[in-house]
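What follows is a short report on a single structure.
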Amino acid sequence: MPQQSPPPTVIFWHRTDLRLHDNPALQAALSLNPSTFIPIFTWDPHYAYRVRVGPNRWRFLLECQDDLSQSYHKLNPKQKLWVIREAPQTVFPKLFESWGATHLVFESDTDGYARERDETVMKLAKEAGVEVIVKSGRTLFDSDEVVKHNKGEPTMSIHQVEKAVEQINNGVPDRPVDAPESVPDPLGEEEMRALSGVDHEVPDQEDDLNAAHRTKHNDNQYKNIAGPNGDFSIPTLNELSIDPSQATSPHHGGESIALEMLRTYLQQNEDFVATFEKPKTSPAAFHPQATTLLSPHLHFGSLSVRKFWHDVQDTLQQRESAHKPTSDIPTNLPGQLLFREMFFAAQAALGPVYAQARGNKIARFIPWHLQSNHDEETGLVERKYTIDDEQAEVWFRRWKEGRTGFPWIDALMRQLKYEGWIHHLGRHSVACFLTRGGCYVHWERGAEVFEEWLVDHETASNVGNWMWLSCTAFFTQFYRCYSPVAFGKKWDPEGLFVRYYVPELKHYDKKYIYEPWKAPVEDQKRWECRVTGDGMVEKDEETGLTTYPEPMFDFDERRQTCIAQMKEAYGVHLMGDDEKVMDGSWKEVFGYEVKDGRVVDETNERVDGDGGDDEGGQKRGREVGDQSGDDGDGGHTSKKKK
DNA sequence: TGATCGGTTGAAAAG
DNA sequence: CCTTTTCAACCGATC
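This is the structure we're talking about:
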């Protein structure tokens with residue numbers, strides 16, 4: 001450091017890097033030898049209100065923050081994670097001024113919103129004379145670099161990713177850097193607290209995408225810029241108006257947990273790590289699951305992806321020199337991480353339109369039901385979508401709630417909701433079922449449900465996989481449909497997975513566990529569950545028994561219809577950035593009719609039964625009423641076709 | 001240019 | 001019960 005310059009006062013901005021180990025940006029910050037070091041997290045209203053986040057992921061995030069804060073505290077009793085409750089776009093000038101910052105350091109983030117946010121903040125820093133340092137660290141390789149080595153184009157196959165990263169350090173990610181052994185002090189308590197005196201911008205809660213999860217209409221998470229006690233505390237679920245009992249997932253956040261999980265796999269399950277092949281892991285395995293469950297830690301950065309890669313790679317190399325079996329790219333663990341790189345780089349190349357069909361040049365246009373509405377100014381999806389077909393809306397609701405009448409699908413959707421995680425192939429099953437292999441509903445609807453419920457939700461991977469499964473991009477073999485019966489049976493012939501997550505069926509013979517509607521009525525009575533209705537009726541009127549819904553359609557018939565429609569759409573061959581998609585004239589091309597033109601606002605839609613409040617509830621009530629009205633022979637819903 | 005082949009992870013029937 | 005073949009047939013890279 002030049003002797004003349006004042007000792008740096010460094011603000012370190014944590015975002016999706018909630019860890020101390022292998023944090024290149026943190027290392028860069030500390031190598032400035034700051035006299036003052038303030039690690040912060042900005043509790044961004046964008047995430048609080050404009051991103052779908054269910055109770056399980058809220059809890060996971062808070063646990064990551066708690067763990068990180070404790071780790072800082074162990075290194076320096078004056079330290080912790082300082083949480084600031086305001087939008088970064090408005091709060092940074094106040095932080096710079098109030099704390100006299102000289103540097104702002106953070107890890108780069110290539111998400112659509114994040115890029116825009118960071119550009120704004122960098123501009124504000126420049127205006128305040130604060131030096132900004134940004135380091136890549138969220139992915140194995142800097143996604144912008146990967147794109148550059150892919151001719152500036154989105155990465156569309158693993159082969160392209162391999163070729164691109166070969167040109168960056170021969171395809172070997174940087175070695176992980178160690179966690180710091182000490183961190184400097186923050187400012188004194190008085191000086192830190194001085195921030196509470198500044199004007200505080202409280203965000204508008206009107207467009208709260210997560211209203212359905214809150215116990216109160218107006219939460220108080222933004223009441224004070226430094227939290228309720230003015231001490232920059234990490235929010236609690238109660239402060240977010242989220243009932244803690246709604247966070248039912250067994251999966252917990254935090255760097256300590258993540259590192260311990262990785263260590264355990266490597267030490268106690270070397271065979272599992274070394275011979276891992278994703279397609280051979282069971283989507284029906286639960287408690288414990290068949291894969292590592294490290295994905296949510298990669299999302300929040302409580303585990304470094306480079307540490308994961310190198311630790312696994314070291315194991316693979318040791319095994320190879322010992323002539324023990326190993327698995328290969330792309331099905332092995334490093335290969336799985338390459339798919340993550342692929343989706344990140346594709347997103348980095350395309351920006352915000354990556355996450356939607358309209359305007360997205362890699363997305364094949366398919367005239368699915370329940371198309372999104374778009375903001376006229378930005379062209380980006382808004383929370384509203386158009387119900388062109390009442391039947392499709394009912395199917396979508398039943399899919400989301402796990403009452404389709406197909407036990408394999410329902411078990412997966414219920415596991416997703418309660419645990420915040422389902423196996424990758426389970427995601428394939430339910431995604432294929434909702435889109436091209438069943439309901440013919442837009443993949444954006446499904447991606448939104450995953451966004452809400454997954455603890456490991458990562459926009460790049462989630463959207464990428466939804467496009468993959470719906471044959472929108474990356475994958476095109478639409479005649480390969482996952483059967484909701486055969487696929488589950490293949491992995492779990494006894495139906496243990498279904499019995500656990502759909503306990504209504506726990507006494508059913510394995511012969512009928514995936515097709516309970518085929519069981520004779522006498523057996524249904526013996527097994528204490530009647531297959532009848534749409535899942536909204538708890539007790540069968542006639543027998544008083546628990547019910548499980550009849551299948552909401554004839555799957556084989558739907559598969560045929562969907563494949564024929566996919567074939568037609570592929571024949572028309574419109575991409576998301578085609579003029580006809582942009583101006584809406586695709587409707588004429590496909591003879592797409594909007595029968596009632598209703599627009600649904602997803603915001604306050606409750607999914608747990610009886611409707612909730614406001615307009616959302618009314619709509620649902622009507623749909624549900626219609627359904628149970630003709631449940632006498634519910635399978636007949638499938639007869640409706642175009 | 002047209003043919004060939006591969007594509008992380010299919011399903012159902014036949015052997 | 002296991003493996004192999006057929007099903008119906010897509011895109012994009014490659015030669």
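The first sequence lines up with residues 1 to 642 when you count with UniProt numbering.
Even glycine gets a Cβ: it sits at the ideal position worked out from N, Cα and C.
Taking one beta carbon from each stretch, the region 68-79 and the region 157-176 have fewer than 3 pairs nearer than 8 Å; the two do not touch. In this structure, Glu458 lies away from Arg52, with their beta-carbon atoms at least 8 Å apart. Taking one beta carbon from each stretch, the region 75-85 and the region 240-250 have fewer than 3 pairs nearer than 8 Å; the two do not touch. Three or more pairs of CB atoms, one per stretch, sit closer than 8 Å, so the region 467-474 contacts the region 434-452. For the pair of segments examined, the region 187-207 was found to touch the region 41-51: the number of CB pairs separated by less than 8 Å reaches three. Per DSSP, Asp601 is one residue of the beta strand (DSSP E) stretching across 598-601. If only complete runs of 3 or more residues are kept, the region 73-154 shows the beta strand (DSSP E) at 82-84, 103-107, 131-135, in order along the chain. In this structure the region 179-196 lies against the region 25-41, because at least three pairs of beta carbons, one per stretch, are closer than 8 Å. Taking C-beta atoms under 8 Å as the contact rule, Phe300 and Leu61 qualify, at a distance of about 6 Å. In the three-state scheme derived from DSSP, where H, G and I count as helix and E and B as strand, His374 is classed as strand. When Cβ pairs closer than 8 Å are counted between the two stretches, the region 320-328 is seen not to touch the region 474-485, the count staying below three. DSSP places His251 outside any beta strand (DSSP E), giving it a letter other than H or E. Counting C-beta pairs closer than 8 Å gives fewer than three between the region 396-403 and the region 418-429, which falls short of the contact rule.
Ile329 and Leu338 do touch by the CB rule: their CB atoms are close to 7 Å apart, below 8 Å. Glu550 and Val531 do touch by the CB rule: their CB atoms are close to 6 Å apart, below 8 Å. Counting other Cβ atoms within 10 Å of its Cβ, His14 reaches 16 or more and is therefore classed as buried.
According to the DSSP assignment, Val498 belongs to the alpha helix (DSSP H) that extends over 496-501. Short of 7 Å from the beta carbon of Ala447, and not among the five residues preceding or following it, lie these beta carbons of its own chain, in chain order: Asn462, Val463, Trp466. Membership of Thr386 in the beta strand (DSSP E) is indicated by the continuous run 381-387. Fewer than three pairs of CB atoms, one per stretch, sit closer than 8 Å, so the region 98-116 makes no contact with the region 215-231. Annotated three-state conformation of Pro39 is strand, per DSSP.
For Trp13, the uninterrupted beta strand (DSSP E) run begins and ends at 9-14, by DSSP. Judged by pairs of C-beta atoms under 8 Å, the region 534-549 touches the region 503-510, as three or more such pairs exist. Looking only at Leu294, Arg319, Gln318, the smallest Cα-Cα distance to Lys307 is reached by Leu294. When the five nearest sequence neighbours on each side are left out, the beta carbons in the same chain lying within less than 7 Å of the beta carbon of Lys489 are those of Tyr514, in order along the chain.
Annotated as proximal: Cys64 and Ser302, with beta-carbon spacing under 8 Å. The Cβ-Cβ distance between Gly576 and Ala363 falls below 8 Å.
Secondary structure of Met467 (DSSP, three-state): helix. Assignment of Lys580 by DSSP, reduced to helix, strand and coil, places it in the helix class. Of the other Cβ atoms in all chains shown, fewer than 16 fall within 10 Å of the Cβ of Val599; this residue is therefore exposed. The C-alpha of Leu298 is placed about 13 Å away from the C-alpha of Leu333.
Boundaries of the alpha helix (DSSP H) harbouring Phe433: 424-434, taken from the DSSP string. Relative to Ala284, the option among Trp491, Asn76, Val589, Tyr512 whose CA is nearest is Trp491.
Bridge pairing for His21: absent [DSSP].
In the DSSP secondary-structure assignment, His369 is bridged to Val441. Of the residues assessed, Pro8 falls on the buried side of the cut-off, its CB having 16 or more other CB atoms within 10 angstroms.
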